[in-house]
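In what follows, a structure is listed as structure tokens, so that the remarks can point back to it.
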Amino acid sequence: MIQGFSVYRRNLGHWDVSSREHGRLFRLRGGPGQWDVIDERVGKGQNSTLMSFKEQSAAMAYICAELMHELLTVEGQTPEVMESWNIDWTRQHDPFAPKPT
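Quick note on the numbering used here: the sequence shown kicks off at 280 and runs consecutively.
See the structure below:
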């Protein structure tokens with residue numbers, strides 16, 4: 280999780296998401312019907328991930344979900360743990376399972 284981030288509009292169809300500690304984290308480029316998100320976080324390799332979205336709001340929702348993810352449990356509640364092989368098995372054997380992106 281990034282402690283704080285900002286979204287800057289450089290010009291039409293050209294947005295940057297950055298933080299003081301880490302510099303630019305994501306680039307958002309495009310226009311109606313085609314928005315490309317380029318992940319530039321440290322450790323990912325510059326331009327390592329390019330994802331396309333039809334809507335700008337969907338692209339920003341993805342970026343915010345990546346940066347704001349918190350793995351939380353409620354005090355007094357026992358967390359449930361799932362084996363990772365179960366997720367891969369489901370993708371391979373269930374025709375209605377989510378497809379990897």
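Ideal Cβ positions, reconstructed from N, Cα and C, are used throughout, including at glycine.
- The Cβ-Cβ distance between GLY310 and GLY283 does not fall below 8 Å.
- Here the C-alpha atom of THR352 lies approximately 32 Å from the C-alpha atom of ARG306.
- With a threshold of 16 other beta carbon atoms within 10 Å, GLU319 meets it and is buried.
- Checking the DSSP bridge columns, you'll see LEU329 partnered with ILE317.
- The Cβ atoms of LEU329 and ILE342 lie no closer than 8 Å to each other.
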